[in-house]
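Report on the following structure.
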Amino acid sequence: MVSQTFSRCPALYGRDFVALEDFTSDEIRALLNFAIFLKQEKKAAHSHPLLSGKSVAMYFEKPSNRTRVSFEVGIYDLGAHPIYLRKEEINLGVRETIADTARTLSRYVDGIMIRTFAQSDVEELAQWASVPVINGLTDMHHPCQVMADLMTFQEVFGTFEGKKLTYIGDGNNMAHSLLMGCALVGMDVTITTPSGFEPLPEVVQKATEIGQKTGASILITNNIDAAVRGSHAVYTDVWASMGQESEAEARRAQFKGFQINSHVMSLAVPKAIVLHCLPAHRGEEITADVMETHANTIFEQAENRLHAQKAIMVALMRDPSKA
Ligand code: CP
Ligand code: NVA
1403 MVSQTFSRCP ALYGRDFVAL EDFTSDEIRA LLNFAIFLKQ EKKAAHSHPL
1453 LSGKSVAMYF EKPSNRTRVS FEVGIYDLGA HPIYLRKEEI NLGVRETIAD
1503 TARTLSRYVD GIMIRTFAQS DVEELAQWAS VPVINGLTDM HHPCQVMADL
1553 MTFQEVFGTF EGKKLTYIGD GNNMAHSLLM GCALVGMDVT ITTPSGFEPL
1603 PEVVQKATEI GQKTGASILI TNNIDAAVRG SHAVYTDVWA SMGQESEAEA
1653 RRAQFKGFQI NSHVMSLAVP KAIVLHCLPA HRGEEITADV METHANTIFE
1703 QAENRLHAQK AIMVALMRDP SKA
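Throughout, the working numbering is defined as the position within the sequence shown, counted from one, plus 1402.
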């Protein structure tokens, strides 16, 4: 039973999961399908301890509800043991070098999930760790979130072909990972931001290159109404991310109008879904009424973190030669 389940898992053993662009379209699609399978199995109360006997460290330098709880529950679901590490304990790059933290943890655990500020710290950790490193959010990327987002879209629409996702708000970690994720699965993606808050040009460039191969079109615009027209999914995120608390007040004025509200939703296709990575700030990036109207999809999306991350962990951490 365990090996039958594992036969559905893409072969990514020993790889890191630090940015979506490290993976092919086929690998991302296979991970999404495996995640959907694991979700069905969990609903049917079929347990799959595919990582039995293993341990996974989870290190957080920023707060978390979804990432912490979904990883911890997912690790237990797979028969493994989670170890939660706070910044005060590890103090990455300060108490000892990142290389020493990586090499030490690799002697104890079978995988490391990290949430921090600099993408380069995650890359350095991954470079020195001999076990897979999973990015649980940096200022640059949030790849696990986008796997859950794509999974949610796939469950609703069944396909990415000919579909369009529009992201409204800050050109931040979510915008970057959505650009990569949508480009990889061949879905058109538009990012609409206030002037001066566009996603990084190198990320847009990379997504455009990927999109040229998969058929996805990439558009960055300051015109929110034009952006949303014809969208199948309308996505937003907080205006001020973790670490930008001192900018929150100024950003409230700068981002005014970059909100999902009923006018914006009237421009999307009639059956369009609303996605939000959460936490949500009602009255800022989304109105309370749109949030509640679309709450079922948004909390399904939150649930899908659990299933998507289980698929990722099995793919990276289970040795196929022992399957
Ligand atoms: N979406 C997300 O990553 O939520 P948390 O910050 O609560 O983990
Ligand atoms: N852009 C947000 C995402 C939270 C999941 C942040 O980094 O705080």
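Built from N, CA and C at the ideal position, the CB exists for glycine as well.
Using a 10 angstroms sphere on the CB of K1658, the tally of other CB atoms stays under 16, which defines it as exposed. Judged by DSSP secondary structure, Y1486 falls within the beta strand (DSSP E) whose first and last residues are 1483-1488.
Taking the C-beta atoms as reference points, L1487 is found nearer than 8 Å to Y1461. In this structure, V1716 places its C-beta atom within 8 Å of the C-beta atom of L1453. When the Cα atoms are used, G1564 and L1718 turn out to be separated by approximately 31 Å. Judged by beta-carbon spacing, Q1656 lies within the 8 Å limit of P1596, meaning their Cβ atoms are closer than that value.
Under the 10 Å beta carbon count, F1660 is surrounded by 16 or more other beta carbons and is classified as buried. In this structure, H1543 has its beta carbon at no less than 7 Å from each heavy atom of the ligand NVA.
With a cut-off of 7 Å, the C-beta of N1537 is classified as distant from the ligand CP, since no heavy atom of the ligand falls inside that distance. Taking the C-beta atoms as reference points, R1720 is found nearer than 8 Å to Y1415.
By the criterion of a C-beta distance shorter than 6 Å, I1536 is surrounded in its chain by F1419, M1515, once the five residues flanking it on both sides are discounted. Contact annotation: the stretch 1440-1454 does not touch the stretch 1570-1578, with fewer than three C-beta pairs closer than 8 Å.
As a beta-bridge residue in DSSP terms, V1535 pairs with I1514. Looking at D1639, M1553, V1558, the one whose alpha-carbon comes closest to that of A1674 is V1558. When C-beta atoms of the stretch 1692-1704 are compared with those of the stretch 1674-1683, three or more pairs fall below 8 Å, so the two segments count as touching.
Contiguous beta strand (DSSP E) elements confined to the stretch 1561-1638 occur at 1566-1570, 1590-1594, 1620-1623, 1635-1638, taking only those with 3 or more residues.
With a cutoff of 8 Å on beta-carbon distance, L1434 and M1549 are scored as near each other.
Excluding its 5 nearest sequence neighbours in each direction, K1441 has C-beta neighbours in its own chain below 6 Å: H1709, listed in chain order.
Partner residues in the beta bridge of M1460, as assigned by DSSP, are Y1486, M1515. In the structure shown, L1434 adopts helical secondary structure according to DSSP, grouped into three states.
I1662 and A1642 have their C-alpha atoms spaced approximately 16 Å apart.
Around the beta carbon of S1508, 16 or more other beta carbons sit within 10 angstroms, so the residue counts as buried. Residues G1588 of the same chain have their beta carbon placed closer than 7 Å to that of G1617, with the five preceding and five following residues left out of the count.
Per the C-alpha coordinates, the member of V1524, H1543, D1541, M1542 positioned closest to P1534 is V1524. Relative to A1585, the option among K1615, N1575, T1561, M1553 whose CA is nearest is K1615.
C-alpha of T1426 to C-alpha of G1613: approximately 12 Å in a straight line. S1664 and I1688 have their C-alpha atoms spaced approximately 10 Å apart.
Cβ contact annotation for P1672 (same chain, cutoff 8 Å, sequence separation greater than five): none. In the three-state reduction of the DSSP assignment, H1544 falls in the coil class, being assigned neither a helical nor a strand state. Apart from the 5 residues on each side of it in sequence, I1714 sits with its Cβ closer than 6 Å to the Cβ of F1419 in its chain, given in chain order.
Listed in chain order, the non-local C-beta contacts of V1458 below 8 Å within the same chain comprise F1473, I1477, A1482, H1483, P1484, I1485, V1511, D1512, G1513, I1514, M1515, M1715, M1719, local neighbours out to five positions each way being set aside.
Closest in alpha carbon position to K1464, among I1620, L1494, R1631, is L1494.
Distance from the CA atom of A1577 to the CA atom of S1466, rounded to whole angstroms, is 19 Å. Relative to the ligand CP, the nearest heavy atom lies less than 7 Å away from the CB of C1679.
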